[in-house]
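Start counting the sequence shown at 6; every next residue gets the next number (the working numbering). Each residue gets a CB set at the ideal place from its N, CA and C atoms; glycine is no exception. Since the model is a prediction, treat every value here as computed from it, not as a measurement.
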Amino acid sequence: MNATPEPISQQLAQFTCGLDFAQIPADVIEQAKLHILDALGIALAASRLDFARCTLDGLRVLSADGDVPVIGMSEKLPLRDAVLMNGTLIHGLDYDDTHSASIVHTSASATTTALFAGAARGCSGRDVLAAYLIAVEADARLGMAVKGDFHQVGLHPTGLLGTFGATLAAGRLMGLDSNQLRDAQGIALSLAGGSMEFLADGAWTKRMHPGWAGVCGITAAALAHGGFKGPGEPYEGRFGLYRMHLGEDAKVDWDACTAELGQRWEMRNVALKPYPACHFNHAFADATLALVREHGIGADDVVSIRALIGDGSVKTVCEPESRKRRPANAYEAQFSTHYTIATCLTRGRFTLDELEPECVNDPQTLELCDRIAYEVDPESAFPKYYSGAVVIQTKDGRTLSHREQINRGAAGNPLTPGEVKDKFRANAASAMNAGKTEET
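In structure tokens form, the structure reads like this:
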């Protein structure tokens with residue numbers, strides 16, 4: 006592998022120190038605000054679920070009360086615990102945004118770090134937005150360099166790469182210089198992680214990855230602020246990020262890590278989610294619902310279904326098929342293409358309600374899952390877009406098909422600001438009254 010002449014950590018540090026808020030395009034700022042609003046709404050909805058209370062109870066064992074708020078809850082925590090808690094809430098429903106080409110949920114760690122570390126230091130709204138965007142841009146580029154390869158070796162890039170973006174965001178808010186920021190990224194290398202093993206049984210660990218990335222980020226930045234030294238080449242080094250996790254022969258597009266920083270904004274390519282499920286499944290939900298609307302079909306009309314999916318998504322949402330056809334809980338259901346398609350046919354929608362136990366265990370839906378199989382799609386636009394096609398064989402002999410080449414919410418098929426605000430209202434309804442929701 007051929008590394009760039011100037012260390013990536015130095016280039017990212019210089020971008021972080023030198024970013025002038027006045028130079029950020031207005032549309033990028035407005036998009037950032039919408040994505041932060043979306044993240045806060047998801048956290049409000051998540052705050053009422055059992056995993057939220059369990060997370061809070063666990064953190065209270067480790068620390069006394071603090072002065073940093075928890076979204077949707079009355080409790081306050083010390084900064085590091087609040088960053089973990091709030092990041093877990095934002096990502097806890099798997100309803101948060103995704104930068105498609107890097108497969109990173111950028112806003113979860115960026116929001117919890119920038120918003121709460123910024124508030125703790127009395128930073129302005131502009132400072133917080135700049136820090137948020139720095140995190141998003143870094144996370145996106147570090148992931149784009151390997152085009153989803155971290156997923157293939159069982160690493161969750163949202164946790165792994167989110168640590169570096171959070172480090173830069175926290176460093177910006179703490180006023181670190183470029184040398185300190187380079188040290189901070191080196192320190193972050195020894196803290197970053199996130200396993201995909203949660204897929205085996207629907208465990209909760211993925212939910213905490215962005216919050217933990219935020220904790221690692223503020224810790225790395227604080228240590229560097231105090232003078233702690235980190236390795237200077239955490240990305241391209243012999244035991245750096247890419248070689249350590251992907252091997253000596255990893256295919257890394259080094260230019261992608263820093264190309265056009267501050268000129269081309271990857272924030273524009275972060276996709277919002279219309280459905281509370283893994284982003285890889287969204288095209289299948291839209292394709293199935295389109296067939297339902299167009300042809301008036303339901304589960305009883307179906308002989309078999311084929312889901313055509315990009316190869317890079319298969320391990321996450323299609324295998325093992327026995328598990329995907331019988332998700333043990335709501336979290337497993339969110340990562341099942343089979344369940345997504347079947348539910349859209351049996352219920353005509355896919356909302357948070359479709360993740361309740363009575364839906365996940367619905368006999369008609371599960372029986373339909375047995376009639377669904379996947380095939381690798383050579384026409385998929387993965388990872389730029391999470392394409393999907395559904396082909397249904399009906400009992401009256403018809404073959405019905407629909408393709409969504411660009412998943413809804415992505416840059417090529419975006420949600421409108423009105424749709425994002427409606428999503429916020431729906432998510433916030435469980436935790437806030439209507440007046441407070443509109444004020445927010």
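| Check | Outcome |
| --- | --- |
| Buried versus exposed call for Lys256 [16 or more other C-beta atoms within 10 Å across all chains shown] | exposed |
| Local Cβ density within 10 Å of Cys374, reported as buried at 16 or more and exposed below that | buried |
| Reduced DSSP secondary structure (H/G/I, E/B, other) of Ala415 | coil |
| Range of the contiguous beta strand (DSSP E) that encloses Ala394 | Gly393 to Thr399 |
| With 16 other Cβ atoms within 10 Å as the buried cut-off, status of Lys81 | exposed |
| Cβ shell of Ile108 (< 7 angstroms), same chain only, five flanking positions each side left out | Gly148, Gly153, His156, Pro162 and Pro388 |
| Cβ pair Leu42, Val425 closer than 9 angstroms | yes |
| Extent of the continuous alpha helix (DSSP H) to which Glu35 belongs | Ala31 to Ala51 |
| Sequence-distant residues of the same chain with beta carbon closer than 7 angstroms to Ala338, five excluded per side | Pro332, Tyr344, Leu360 and Val365 |
| Spatial neighbours of Leu196 in its chain, beta-carbon cut-off 8 angstroms, leaving aside the 5 residues before and after | Thr168, Cys221, Thr224 and Ala225 |
| For Val365, the residue or residues it bridges with in DSSP | Paired residues: none, contrary to the question. |
| Thr9 versus Glu241: straight-line alpha-carbon distance, rounded | With a pLDDT of only 46 at Thr9, under 50, the local geometry of the prediction cannot be trusted, and no value is derived from it. |
| Burial state of Pro279, where buried means 16 or more other Cβ atoms lie within 10 Å | buried |
| Ranges of the alpha helix (DSSP H) found wholly within the segment 219-263, counting only runs of at least 4 | 246-251 |
| Leu39 versus Asp99, Ser435, Phe429 and Glu443, residue with shortest Cα-Cα distance | Phe429 |
| Contained alpha helix (DSSP H) runs [length at least 4] in the segment 260-307, N- to C-terminal order | 287-300 |
| 7 angstroms Cβ shell around Thr293 - same chain, five flanking residues per side excluded | Ile346, Cys349, Leu350 and Val395 |
| Contact belief for Ala57 with Ala51 at Cβ below 8 angstroms, rounded distance in angstroms | 6 angstroms |
| Ala189 versus Ser183 - alpha carbon distance | 10 angstroms |
| Continuous alpha helix (DSSP H) stretch holding Leu120: start and end | Thr111 to Ala125 |
| Ala205 beta carbon less than 9 angstroms from that of Leu178 | no |
| Candidates Ala436, Ala433 and Phe289, of which the one nearest Asp382 by Cα | Phe289 |
| Inter-residue spacing [alpha-carbon to alpha-carbon] between Arg187 and Val297 | 53 angstroms |
| Sequence ranges, beta strand (DSSP E) only - wholly within the segment 323-387, length at least 3 | 377-381 |
| Coarse secondary structure for Ala8, derived from DSSP in three states | Caution is warranted here: a pLDDT of 49 is assigned to Ala8, below 50, making its placement in the model unreliable, and no coordinate value can be reported. |
| Closest residue to Lys400 among Gly303, Gly46 and Cys323 (Cα-Cα distance) | Gly303 |
| Nearest-angstrom Cα separation, counted from Cys128 out to Pro83 | 17 angstroms |
| Supposed contact pair Ser341 and Lys329 - C-beta distance, whole angstroms, cut 8 angstroms | 4 angstroms |
| Proximity below 9 angstroms, CB of Tyr336 to CB of Ala208 | yes |
| Where Gln16 sits in the DSSP three-state scheme | helix |
| Neighbourhood of Ala446 by C-beta, 7 angstroms cutoff - its chain only, sequence neighbours within 5 removed | Residue 446 falls outside the range modelled here, since the chain spans only 6 to 445, and no answer is possible. |
| Alpha-carbon spacing of Thr116 relative to Ile29, whole angstroms | 18 angstroms |
| Counted within 10 angstroms of its Cβ, other Cβ atoms place Gly159 as buried (16 or more) or exposed | exposed |
| Neighbour-count burial assignment, Pro368, 16 or more Cβ in a 10 Å radius | exposed |
| Reduced DSSP secondary structure (H/G/I, E/B, other) of Ser309 | strand |
| Leu178 - containing alpha helix (DSSP H), residue span | Pro162 to Met179 |
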